[in-house]
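Using the working numbering, you'd call the opening residue of the sequence shown number -8 and step up by one each time.
Data block below; observations after.
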Amino acid sequence: MNKNIPVVDVQNLTVVRGKYQAVESVSFQIFPGSNTAIIGPNGAGKSTLIQAILGLIPYESGYIEILGKQIKDLGKHWQKIGYIPQKLPFDRSFPLSVAELISLGYPEQGLMRSREKHIAIEKALVQVKLENQAKQRIGSLSGGELKRVLLGYCLVQNRQLLILDEVMAGIDPTGEIQFAELLANLHREEGFSILQVSHDLDMVSRYCDQVICMNRRLCCQGKPSVALDENNLSKVYGDSLTRYVHQH
-8 MNKNIPVVDV
2 QNLTVVRGKY
12 QAVESVSFQI
22 FPGSNTAIIG
32 PNGAGKSTLI
42 QAILGLIPYE
52 SGYIEILGKQ
62 IKDLGKHWQK
72 IGYIPQKLPF
82 DRSFPLSVAE
92 LISLGYPEQG
102 LMRSREKHIA
112 IEKALVQVKL
122 ENQAKQRIGS
132 LSGGELKRVL
142 LGYCLVQNRQ
152 LLILDEVMAG
162 IDPTGEIQFA
172 ELLANLHREE
182 GFSILQVSHD
192 LDMVSRYCDQ
202 VICMNRRLCC
212 QGKPSVALDE
222 NNLSKVYGDS
232 LTRYVHQH
């Protein structure tokens, strides 16, 4: 994709939930290859923004383009976008293996493509470091392992954009670091763009190259060294900010 064309282009976006204006006149652009985090306090509209970008909820006004196209015109281009929601309700007692769940992310294209599908699944298992657990049931996985399976589900076909909503929620501190490093390595190797919602400012400062700060409105945007300075964080969070530092 042309490096000068945004993978995500949001202009003057307003989203209303009931009578509540959850997102108000937000504008930003994300360019190919970037790892961008959206931060802000609870109730700031971060997940609502993600859902509107993906066309999962309607928006009141504004303009959204993904991969250079409006949502209604994406068609097969949706296959270039991977999404892991904040909450993904499914029955962990269902007898599904790691490899079987990852395989569900591969588009069905007939028996002639079965070998290509097998190769893609094997590659995804290696990418998320689960090749030795391919036959393990998903119900026996830890929170961090399950998130890696979902990442493999996204990566089993080539993606240009990953959209992750609080992907590290429910993972213990050690697992958070491992997942963040895995994602950062894959980002460098594969070159896809990332748009992620995160509460972990330490992880954001370590691994992201752009930060969008919002509290219903856009408060600031820029490199972590600028967006995460004390003055900007005070504007976004007020006195509610608690910052955790991970030990490597």
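Note that the Cβ used here is the ideal one computed from N, Cα and C, for glycine as well.
Does residue i come out as helix, strand or coil in the three-state DSSP assignment?
{"i": "TYR50", "result": "coil"}
{"i": "LEU223", "result": "First, the amino acid is wrong: residue 223 is Asn here, not Leu. DSSP places ASN223 in helix when its eight states are reduced to three."}
{"i": "LEU153", "result": "strand"}
{"i": "ALA175", "result": "helix"}
{"i": "GLN61", "result": "strand"}
{"i": "THR27", "result": "strand"}
{"i": "ILE168", "result": "helix"}
{"i": "ILE(-4)", "result": "coil"}
{"i": "SER88", "result": "strand"}
{"i": "GLU181", "result": "helix"}
{"i": "GLY229", "result": "coil"}
Which word fits residue i, buried or exposed, when buried means at least 16 other C-beta atoms lie within 10 angstroms of its C-beta?
{"i": "ASN26", "result": "buried"}
{"i": "SER94", "result": "buried"}
{"i": "GLU181", "result": "exposed"}
{"i": "GLY36", "result": "buried"}
{"i": "ILE168", "result": "buried"}
{"i": "GLY96", "result": "buried"}
{"i": "VAL236", "result": "Any reading at VAL236 needs caution, since the residue's pLDDT is 47, under 50, leaving its predicted position unreliable; the model's value is listed next. Exposed, because fewer than 16 other Cβ atoms sit within 10 Å of the Cβ of VAL236."}
{"i": "LEU47", "result": "exposed"}
{"i": "VAL1", "result": "buried"}
{"i": "GLN61", "result": "exposed"}
{"i": "PRO(-3)", "result": "buried"}
{"i": "VAL89", "result": "buried"}
{"i": "GLU136", "result": "buried"}
{"i": "PHE19", "result": "buried"}
{"i": "LEU116", "result": "buried"}
{"i": "LYS138", "result": "buried"}
{"i": "THR39", "result": "buried"}
Check for me: the alpha helix (DSSP H) holding residue i runs from which residue to which?
{"i": "ILE3", "result": "Inspection of the sequence shows that residue 3 is occupied by Asn rather than by Ile. No alpha helix (DSSP H) contains ASN3, which is instead part of the beta strand (DSSP E) from -1 to 8."}
{"i": "TYR198", "result": "192 to 198"}
{"i": "LYS37", "result": "37 to 44"}
For the beta strand (DSSP E) holding residue i, just list the boundary residues, first then last.
{"i": "GLN212", "result": "208 to 213"}
{"i": "TYR11", "result": "11 to 21"}
{"i": "LEU186", "result": "184 to 188"}
{"i": "TYR74", "result": "72 to 75"}
Could you check whether the Cβ of residue i sits closer than 7 angstroms to any heavy atom belonging to the ligand SAH?
{"i": "CYS211", "result": "Ligands in the displayed structure: none, and consequently the ligand SAH is not present."}
Does the stretch 49 to 58 come close enough to the stretch -2 to 11 to have 3 or more Cβ pairs within less than 8 angstroms? Output reads yes: the stretch -2 to 11 touches the stretch 49 to 58.
Taking only runs of the alpha helix (DSSP H) that begin and end inside the stretch 107 to 164, which ones reach a length of at least 4 residues, in chain order? 134 to 146
Give a yes or no on contact between the stretch 145 to 153 and the stretch 67 to 87, applying the rule of three or more CB pairs nearer than 8 angstroms. yes
Using 8 angstroms as the cut-off, can you tell me whether the stretch 175 to 189 makes contact with the stretch 12 to 29, which would need three or more C-beta pairs spanning the two stretches below that distance? yes
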